[in-house]
Amino acid sequence: MVQSTYKYMNSPNFFIYLFIIIFIIFIILQILYYSLTKFTKTITIKDKYTNSNRNTIIYTIVDSDNKIYNIENVWFLFDFNKGENYNMIKVNSTYVVSGYGFTIDMFSLYPTVYNATPA
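Residues -14 to 104 (my numbering) make up the sequence shown, in order.
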C-alpha cells in the first residue's frame, strides 16, 4: 500500500496537479470570504493616510467611529482603481462605501473597501 502512494508522488505531473488544486482552493476561499463578509455602509471620513510596505502602497481611511479600512483592488470583480478611489476621498466628507472583511487588530487585518461614492 505504501509503495503505491509513493508511485503517485514520483509521477512528474503530481506537483503540477497539487499546485493547481491548491490554487483553485485559494481562489474559492477568497471568493467565499468576500461573499460572507461583504457590506455597504455610509461613513464619514475622519482621516486618510498611506503606508508603504516594501513595493506596495497601502491606502487607509478612518471613519468617524475610528474604524479603519484599507482601500484595495479586488481582482475577481475586475476592480483595479484603488488609487483613484483614495484620491477621490476627501476628509470630513460622507461616502457610501462597499467592501468586505472584518477587523483582527492583532494581525493588522482591516476590512477592505473597493468602492466609494459621495453620499
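A virtual CB, placed ideally from N, CA and C, is assigned to each residue, including glycine.
Closest to residue i by C-alpha separation, out of the options, would be which residue?
| i | options | result |
| --- | --- | --- |
| ASP48 | VAL81, LYS31, ASN(-2), THR27 | LYS31 |
| ASN100 | THR29, THR88, ASN58 | ASN58 |
| MET73 | ILE10, PHE63, ILE56 | ILE56 |
| TYR95 | PHE63, ASN51, ASN66, GLY68 | ASN51 |
| GLY68 | ASN36, GLN15, ILE13, PHE92 | ASN36 |
From what residue to what residue does the beta strand (DSSP E) around residue i run?
| i | result |
| --- | --- |
| ILE43 | 41 to 48 |
| ASN55 | 53 to 56 |
| GLY84 | 79 to 85 |
What span of residues does the alpha helix (DSSP H) with residue i cover, start to end?
| i | result |
| --- | --- |
| TYR19 | -1 to 22 |
| TYR95 | Run containing TYR95: none; DSSP gives neither H nor E here. |
Less than 6 Å between C-beta atoms, sequence neighbours within five positions excluded: which residues of the same chain meet that for residue i?
| i | result |
| --- | --- |
| ILE71 | It should be noted that the sequence gives Tyr, not Ile, for residue 71. These residues qualify, in order along the chain: TYR44, ILE56. |
| VAL81 | THR27, THR102, ALA104 |
Skipping 5 residues on each side, what residues in its chain have a beta carbon closer than 8 Å to that of residue i?
| i | result |
| --- | --- |
| THR97 | TYR54, ASN55, ILE56, GLU57, VAL59, GLY84, TYR85, GLY86 |
Please confirm if residue i has its CB atom under 7 Å from at least one CB of chain B.
| i | result |
| --- | --- |
| PRO96 | Looking at the structure shown, chain B is missing, and only one protein chain is on hand. |
(request) Take every Cβ of the region 1 to 11, pair it with every Cβ of the region 22 to 37, and state whether three or more of those distances are shorter than 8 Å. (result) no
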